[in-house]
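J.:
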Amino acid sequence: MGWGNWRPRFNFGHLKVQSKVSVFLTMIIIVTYLFYCLTGYCESLPRPLYDQQSLRGKVHTVDGPVHLSQSHRAGAQWNISVLRELPLSNGLESLWQESEDATNQRPPGNRAQTMESSSSSNITVSNNFGTKEFPQAIIIGVKKGGTRALLEFLRIHPDVRAVGAEPHFFDRFYDKGLEWYRSLMPRTLEGQITMEKTPSYFVTWEAPRRVHAMSRHTRLIVVVRDPVTRAVSDYAQTLSKTPGLPSFQALAFKNGTASSSSSSSSSLRGVVDTSWSAVRIGVYAKHLEAWLATSRWGASCL
């Protein structure tokens with residue numbers, strides 16, 4: 001009897017020890033698995049910002065790793081060996097666009113200096129990303145004639161590259177030189193054409209001669225619109241910026257002859273004031289004569 005009672009208690013104790021060991025091992029396995037999962041999750045997170053800055057510091061170098069903002073100010077050259085190791089979508093393309101955006105945010109004078117410094121480095125105007133060329137086609141006008149819409153439709157074509165903003169080189173910034181003008185152009189590959197749009201060229205008397213001096217083979221694109229509708233659209237745009245502007249009739253007609261009812265002014269009634277810019281732009285024949293008078297433009301105007 002005593003031996004029989006003692007043995008079941010001994011077996012029960014043995015099972016109790018085994019259950020404790022099993023629970024302990026199970027907890028170790030669970031903790032290890034959780035640690036493994038957390039480690040994998042941390043590795044999948046994006047790298048810290050300082051790692052990205054370190055990468056950009058290696059890409060933009062002069063005589064060693066330089067901070068990104070310093071490299072832009074110094075006109076640093078590109079580290080091609082690092083760029084080639086990066087995936088195009090995540091590395092090279094984004095970094096190159098970052099450099100372009102930083103350059104475009106500078107004043108025109110600083111952009112020209114950047115162009116000069118880059119041309120003296122290992123990476124000049126001509127590189128693996130294409131070349132910056134003078135425009136082969138220019139939309140010269142007219143203002144409020146649909147030039148922006150035309151440019152955007154043309155840019156859909158993969159072989160057309162165009163400047164987004166209006167350069168105003170041939171009417172405002174001609175003294176900055178042709179190299180400054182070319183530095184504003186987008187890079188193009190072989191077979192692509194470069195375009196730009198500045199409607200004010202159409203009414204600038206010096207523009208035909210200046211464009212002709214740059215290249216006699218540049219194609220000129222002129223978009224015309226009903227001159228009255230164009231003048232009203234021009235006036236509406238100006239009025240939105242200058243609320244206190246006189247009425248359209250007061251500006252479009254000389255001495256208010258459109259609203260005059262006296263017999264003494266009946267002979268002058270309806271005389272259009274062509275000195276007002278909104279009307280002057282619409283005198284297309286007058287401005288086209290200046291462009292066609294320049295040698296060889298007759299075959300280049302579209």
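Residue 1 is where the sequence shown starts when you use UniProt numbering, and the numbers rise one by one after that. Even for Gly, the Cβ is constructed at its ideal location relative to N, Cα and C.
Where are the alpha helix (DSSP H) runs, 4 residues long or more, that stay fully inside the UniProt domain "Sulfotransferase" (135–294), in chain order?
T.: Within the UniProt domain "Sulfotransferase" (135–294), the complete alpha helix (DSSP H) runs of at least 4 residues are 147–155, 178–183, 207–214, 227–241, 248–252, 277–280, 284–293.
J.: With distances taken from CA atoms, which of Ser275, Ala207, Leu151, Ile193 is nearest threonine 171?
T.: For clarity, residue 171 is aspartate in the given sequence; the question names threonine instead. Considering only alpha carbons, the answer is Ala207.
J.: Between arginine 209 and the rest of its own chain, which residues show a CB-CB distance below 8 Å, the 5 nearest in sequence each way excluded?
T.: Cβ neighbours of arginine 209 beyond the five flanking positions: Thr294.
J.: Should tyrosine 33 go down as buried or exposed, given a rule of 16 or more other Cβ atoms within 10 Å for buried?
T.: Exposed is the call here.
J.: Taking contact to mean at least 3 C-beta pairs separated by less than 8 Å, is the stretch 217–224 in contact with the stretch 239–259?
T.: Contact fails: fewer than three Cβ-Cβ distances are below 8 Å.
J.: For the candidate residues Val21, Phe248, Ala290, Ala231, whose alpha-carbon lies nearest to that of lysine 143?
T.: Checking every option, the nearest Cα to that of lysine 143 belongs to Ala231.
J.: Taking its Cβ as the centre, do 16 or more other Cβ atoms sit within 10 Å of tyrosine 36, making it buried, or is it exposed?
T.: It is exposed - the Cβ of tyrosine 36 has fewer than 16 other Cβ atoms within 10 Å.
J.: Taking one C-beta from the stretch 182–189 and one from the stretch 132–142 each time, how about it: are there three or more such pairs within less than 8 Å?
T.: A contact exists between the stretch 182–189 and the stretch 132–142.
J.: In angstroms, rounded to a whole number, what distance separates the CA positions of alanine 236 and serine 247?
T.: Those two C-alpha atoms are separated by around 10 Å.
J.: Please list, in chain order, all residues of the same chain as glycine 276 whose beta carbon is under 7 Å from its beta carbon, the five residues on each side excluded.
T.: Inspection of the sequence shows that residue 276 is occupied by tryptophan rather than by glycine. Answer for tryptophan 276: Leu251, Ala252, listed in chain order.
J.: Taking the straight line between their C-alpha atoms, what separation do you get for glutamate 152 and lysine 254?
T.: About 38 Å.
J.: Glycine 141 and arginine 225 look like a contact to me (Cβ under 8 Å); what is the Cβ gap, rounded to whole Å?
T.: Not a contact, Cβ separation roughly 10 Å.
J.: Assign proline 167 to one of two classes, buried (16 or more other C-beta atoms within 10 Å of its C-beta) or exposed (fewer than that).
T.: That one is buried.
J.: Evaluate threonine 188 with the Cβ neighbour count: other Cβ atoms within 10 Å of its Cβ, from every protein chain shown; 16 or more gives buried, anything less gives exposed.
T.: Classification of threonine 188: buried, given that the 10 Å Cβ count is 16 or more.
J.: Between the Cα of lysine 197 and the Cα atoms of Leu154, Val31, Val228, which residue gives the shortest distance?
T.: Nearest C-alpha to lysine 197: Leu154.
J.: Residues in its own chain within less than 8 Å of aspartate 159 by CB, not counting five upstream and five downstream?
T.: The residues are Gly191, Gln192, Ile193.
J.: Measure the C-alpha to C-alpha separation of glycine 270 and glutamine 249 and round it to an integer number of angstroms.
T.: Roughly 10 Å between the two C-alpha positions.
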